[in-house]
Every structure is written in structure tokens, then in C-alpha cells.
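For reference, the structure discussed in these notes is given below.
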Amino acid sequence: MTDEDRTISDRIQARLDDLTRAERQLALSILENYPASGLGPLAALAKGANVSVPTVARMVQKLGYKGYPDFQADLRDELGAIAKGPIAKHETWAGAAPSEHILNRFTDAVIDNIRNTLAHIDPAAFDQACALAADRNRHLYIVGGRITHTLAEYMFLHMQVIRPNLTHVQSTSNTWPHYLLNAAEGDVFVIFDVRRYENNTLKLAEMARARGAKIVLFTDQWRSPVHRLADISLTSRIIVPSAWDSLATPMLLVETMISAVQTLNWGDTKGRMQELEEIFDQTKLFRKFT
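So, in C-alpha cells, the structure goes:
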């Protein structure tokens with residue numbers, strides 16, 4: 001994948017090991033309030049990170065830019081991409097859309113998203129997130145928003161079979177504060193938030209964090225503001241030839257996490273599955289052809 005395909009956040013994280021101590025300090029300062037952190041004057045960025053102006057200039061060049069103005073131009077483009085609504089997203093791709101069938105174009109975009117996502121995800125961080133979700137001693141809260149509630153509901157449905165002690169929260173509902181009453185230190189909140197990021201979701205994350213909860217975030221390549229609060233952030237690329245973003249790659253990560261948590265808890269999960277099947281038989285919910 002070329003630098004042109006990456007966000008500045010991707011570039012920084014890929015080069016962290018090659019940076020000097022001062023440059024790394026600057027990089028972490030940028031990521032702390034990304035992407036807004038780099039939109040001010042060069043001197044202000046240097047002062048905020050407590051580094052010299054030449055340090056900023058050197059790091060920007062290491063990221064592949066000729067100078068700070070080019071770096072800022074890309075940041076502004078990213079900020080504009082984050083804020084795009086459905087109409088603007090449609091216009092971005094429709095004007096230059098190639099002639100092949102939408103089935104091929106859409107599928108190619110999803111495959112590219114999956115490849116780029118897997119190239120950047122940290123397997124150790126993913127395993128850690130799965131371990132948190134599998135820990136039956138921690139109450140598990142699964143939080144979705146306006147669009148991402150579909151991912152949250154899918155995960156919740158499967159986790160109900162795999163483990164006890166969990167709650168589904170919709171941040172779009174005005175009842176979400178009620179769920180925080182029972183949240184305790186060490187509990188786990190799995191939160192879904194992709195552009196356009198939702199204020200209720202951020203507020204919920206802030207309040208959960210204040211109560212000592214762990215946060216696992218599923219987000220996009222620009223990263224939700226919840227990223228600053230999260231213990232683990234799992235980012236996915238979501239751009240496709242559509243007025244809407246694609247949840248195909250986040251869904252891949254969700255289904256993989258469900259599989260991993262099921263395996264970690266298989267002894268108990270198998271018993272729960274058998275008990276559930278007995279309940280299904282009693283209710284005659286599903287047809288049997290035997």
C-alpha cells in the first residue's frame with residue numbers, strides 16, 4: 001500500500017520505530033487530538049508538543065511530505081472526509097466512476113478495505129480485546145449508534161449464547177444513562193463508532209471511563225474521538241463506491257471476535273448452546289425435518 005492510500009495516522013504509526021525521541025513525542029502529541037492537532041501554525045504544533053520547530057519539519061519530511069503546508073493540506077482533506085454526508089460521498093466517486101458493473105467495483109473496494117485493514121491491525125491488541133470480551137467475570141456492555149447498532153445487535157445476539165453477564169446499549173436512545181448505573185470498575189464496553197461520529201457515544205464512553213470501565217472501540221481509519229479514551233482501538237477501512245460507508249470490514253472483525261470468544265469459553269459455551277437448543281425444541285420456534 002502506498003503513502004497516498006494511507007491516512008496521516010497510518011503513516012505515523014508505521015514509522016514510529018524510525019523516529020527520534022523528540023519526533024516520537026511530537027507524533028504522539030499529533031495522534032492525541034488527531035486530525036485537528038496539526039491544523040494550526042507550525043510553531044504552535046511544536047510548542048504544544050514541547051519540541052523544536054526543526055523537529056516538526058524533519059518529522060513531516062519523514063512522513064513523505066515536502067513541507068508543513070503539504071502535511072496540513074492532507075490533514076484538511078481528511079477532516080473534510082470525516083464530515084462528509086451521504087450526498088457528498090456519492091458525488092466524490094460518481095463523477096469518475098469506471099464503467100464496469102457496480103458489483104465488481106463495490107466488491108473490489110471491499111476487498112481492498114479488508115486487505116488494508118488486516119495489514120495495519122495489531123494481532124496482539126486484537127487478542128487482548130477478545131480476552132476482555134470473553135472474561136465472564138466482567139460485565140460486557142455492547143454499544144451501537146445510529147448505523148452501527150446493526151453490528152452491536154449482531155455481536156450481542158451471539159454473545160448471549162456464548163456468555164452471561166452482558167447488556168446491549170443503544171447510544172441513540174435517551175435511556176442509555178440508565179445502563180451506567182450498574183457499570184463498575186473493570187467492566188468492558190465494546191463501542192462501535194464510525195464517521196459521522198456521534199456525540200452521545202462519546203459522552204457515554206467518557207462516563208464509562210470515569211467509572212473505571214475498559215473500552216474496546218471498533219472505528220474507521222480516521223478514528224472516532226472515543227479513540228482517546230479506548231484501551232484498544234480496532235480500525236477498519238470503510239470507503240466504497242456508495243453514498244454510504246461499508247460495514248463489511250468491521251463485520252469481519254466482529255465475526256472473528258465472536259469466533260475467538262467462543263473458543264476461549266468453549267467449555268461453558270457448549271453447555272449454553274445445548275441448553276438453548278432444548279429451549280428451542282420446547283418452544284417449537286424452528287421447524288424440524290426429521
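Here the sequence shown is numbered in UniProt numbering, starting from 1 and rising by one per residue. We put the CB at the ideal spot given by N, CA and C, even for glycine. This structure is a prediction, so every number in the text was calculated from the model and none was measured.
Item: What are the boundary residues of the beta strand (DSSP E) that includes residue 142?; Value: 140 to 144
Item: Apart from the five residues on each side of it in sequence, which residues of its chain come closer than 7 Å, Cβ to Cβ, to residue 51?; Value: 22, 25 and 26
Item: Opposite residue 236 in the DSSP bridges: which residues?; Value: 220
Item: From the DSSP output, in three-state form, read off residue 167 for me.; Value: strand
Item: Taking residue 186 as the reference, give the member of 194, 280 and 141 with the closest Cα.; Value: 141
Item: Shortest alpha-carbon distance to residue 224 belongs to which of 242, 210, 241 and 200?; Value: 200
Item: Going by the DSSP bridge assignment, what does residue 214 pair with across the sheet?; Value: 188
Item: Would you say residue 46 and residue 56 are within 8 Å of each other, going by their C-beta atoms?; Value: yes
Item: Hey, residue 226 and residue 205: beta-carbon distance below 8 Å or not?; Value: yes
Item: Can you tell me the Cβ-Cβ gap for residue 192 and residue 151, rounded? I've got them flagged as a contact below 8 Å.; Value: 5 Å
Item: Where does residue 135 fall in DSSP's three states?; Value: coil
Item: Going along the chain, which unbroken runs of the alpha helix (DSSP H) with 4 or more residues stay wholly within the region 110 to 135?; Value: 123 to 134
Item: Whole angstroms are fine: how far does the CA of residue 242 sit from the CA of residue 88?; Value: Low confidence applies here, because residue 88 scores a pLDDT of 49, under 50, leaving its location unreliable; read the following figure in that light. Their backbone Cα atoms lie some 10 Å apart in a straight line.
Item: Are the region 171 to 189 and the region 103 to 123 touching, with three or more C-beta to C-beta distances below 8 Å?; Value: no
Item: Under a Cβ-count criterion, where at least 16 other Cβ atoms within 10 Å of its own Cβ denotes burial, should residue 161 be classed as buried or exposed?; Value: exposed
Item: Below 6 Å CB to CB, which residues in the same chain sit around residue 188 once its five sequence neighbours on both sides are set aside?; Value: 132, 138, 140 and 214
Item: Check the C-beta distance from residue 62 over to residue 115 and give it rounded, since I have them as a contact under 8 Å.; Value: Contact flag wrong, Cβ pair sits at about 25 Å.
Item: Residue 216 to residue 229, Cα distance in whole Å?; Value: 9 Å
Item: Please go through the same chain and pick out, in chain order, the residues whose beta-carbon is closer than 6 Å to the beta-carbon of residue 257, but skip the five residues on each side of it.; Value: 130
Item: If I follow the unbroken alpha helix (DSSP H) through residue 244, where does it start and stop?; Value: Segment: none, residue 244 is in no alpha helix (DSSP H) and carries neither H nor E.
Item: I need the boundaries of the alpha helix (DSSP H) containing residue 288, first residue and last residue.; Value: Where residue 288 is concerned, there is no enclosing alpha helix (DSSP H), given that its DSSP letter is neither H nor E.
Item: Which residue wins for smallest C-alpha separation from residue 70, given the options 54, 100 and 39?; Value: 39
Item: Ignore the nearest five residues each way along the sequence and tell me which others in residue 32's own chain have a CB closer than 8 Å to its CB.; Value: 228
Item: Within its chain, find whatever has a CB closer than 8 Å to the CB of residue 113; leave out the 5 residues flanking it on each side and keep chain order.; Value: 236, 237, 238, 239, 240, 246, 248 and 249
Item: At which residues does the alpha helix (DSSP H) containing residue 249 begin and terminate?; Value: 248 to 264
Item: Is residue 74 buried or exposed, if buried means 16 or more other CB atoms sit within 10 Å of its CB?; Value: buried
Item: Tell me the residue span of the alpha helix (DSSP H) that contains residue 158.; Value: 149 to 162
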